[in-house]
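Sequential numbering from 80 applies to the sequence shown in my numbering.
Where is the CB? At the ideal position from N, CA and C, for every residue including glycine.
Below is one structure; the comments refer to it alone.
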Amino acid sequence: VRYKDIAEGKLPLVGRRLAFGAELKPGKEIHTTPWNPLYRVQLKRLEGVGDFTLCKFLHTHTNNDDKNKDRRSEIVCSSEEGEIIVADWRGTNMISKSSDAAVNDEQHTETDAPEYVCWTAPDHTRPPIALEKSPFFDDLVMSIGDYNFQLWKLDACLLQPVYSSPQSTSPLTAGCWSPTRPGVIFTARADGTLDVWDIPDSSRRPSHQLMVAPTRVTALKFLKPQANTTVIKQQLLAVGDKAGNLHVFDVPRSLWRPTQNEKSAIASFLDGEID
């Protein structure tokens with residue numbers, strides 16, 4: 080929708096239009112509102128040659144974040160070259176300056192350009208199709224691309240994933256975390272298959288597979304429970320395909336009801352992968 084179209088009466092049900100047949104007065108122009116960013120940063124490569132060409136963006140801050148670390152300015156991006164980038168839009172120089180009260184401001188000159196990129200590492204051979212943050216771990220991010228998905232621990236700064244799933248027989252097209260189980264991941268493939276990964280049960284193969292559609296699956300989305308709901312009786316998963324069809328599935332109870340100490344078990348699993 081453009082403001083010019085509204086002013087000229089091309090969208091009669093939106094806004095106020097000109098009278099029928101009326102024309103703009105000579106010398107009078109339609110003023111459009113420019114869509115400019117409030118804040119802009121350029122993520123430059125750490126080796127200092129060129130900028131990253133970004134394709135996916137994830138803001139890691141949520142209201143449930145660990146209070147010991149401020150993630151309000153932390154972002155995770157993926158590049159067209161298949162890299163994962165962890166950055167802070169405040170700039171690392173500005174963070175160190177504000178956190179160290181003993182540093183004299185005179186030591187920082189105007190030529191100290193902020194560095195926004197914290198670290199970067201190779202992720203996939205092609206641009207990832209999704210970045211998803213775990214709803215249970217503040218620093219755990221899943222990247223989906225090519226024929227597998229990978230889990231990254233942001234605070235570990237390992238420059239490599241803590242877990243890489245086995246290669247699929249068909250390219251992955253979508254993926255998401257289970258909103259109720261820390262160790263369950265749903266991924267979709269180009270051949271219309273939905274894979275369910277129950278990490279505590281098996282980390283080397285999907286625990287469940289379902290043929291959803293005869294064409295590419297394009298989107299996965301869980302229905303959020305109603306506010307003030309204390310007892311969850313079912314979990315619904317919406318799946319969209321390339322043909323424009325919407326499929327709604329009732330997730331089996333074993334896949335949405337968390338097991339005992341599952342979160343601590345997943346944390347131990349990830350720590351074991353790091354060691």
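Residue i versus residue j - alpha carbon distance
i: V241; j: Q121; result: 28 Å
i: A344; j: P279; result: 7 Å
i: V182; j: S158; result: Model confidence at V182 stands at a pLDDT of 46, short of 50, so the residue's coordinates are unreliable and nothing is read from them.
i: C236; j: V165; result: 9 Å
i: F131; j: K123; result: 6 Å
i: R95; j: G127; result: Any reading at R95 needs caution, since the residue's pLDDT is 48, under 50, leaving its predicted position unreliable; the model's value is listed next. Whole-angstrom Cα-Cα distance: 51 Å.
i: A200; j: L233; result: 11 Å
i: R295; j: D320; result: 6 Å
i: K342; j: P261; result: 6 Å
i: P331; j: L117; result: 44 Å
i: A346; j: T297; result: 30 Å
i: Q305; j: L316; result: 15 Å
i: L125; j: C134; result: 18 Å
i: P293; j: F328; result: 16 Å
i: N227; j: H138; result: 22 Å
Within 8 Å, strictly: CB atoms of residue i and residue j
i: L219; j: V263; result: no
i: F301; j: P258; result: yes
i: A209; j: A267; result: no
i: V318; j: L349; result: no
i: W198; j: L230; result: no
N-terminal and C-terminal residue of the beta strand (DSSP E) that residue i is part of
i: I223; result: 219 to 224
i: E211; result: 209 to 212
i: F348; result: First-last for F348: 341 to 353, but that is the alpha helix (DSSP H), not the beta strand (DSSP E).
i: T266; result: 263 to 268
i: P201; result: 196 to 201
For residue j and residue i, believed in contact at Cβ under 8 Å, the rounded distance
i: T171; j: E194; result: 5 Å
i: P207; j: S222; result: 5 Å
i: C255; j: L325; result: Between L325 and C255 the Cβ distance is about 16 Å, and since that is not below 8 Å, they are no contact.
i: D225; j: T204; result: 6 Å
Terminal residues of the alpha helix (DSSP H) in which residue i lies
i: W231; result: Run containing W231: none in the alpha helix (DSSP H); it sits in the beta strand (DSSP E), 227 to 232.
i: W335; result: 332 to 335
Among the options, nearest to residue i - alpha-carbon criterion
i: G271; options: F265, R284, L289, W256; result: L289
i: D149; options: A322, R169, I163; result: R169
i: V196; options: G224, E162, D274; result: E162
i: H140; options: P214, W198, C134, L125; result: P214
i: A269; options: W276, L251, S281; result: L251
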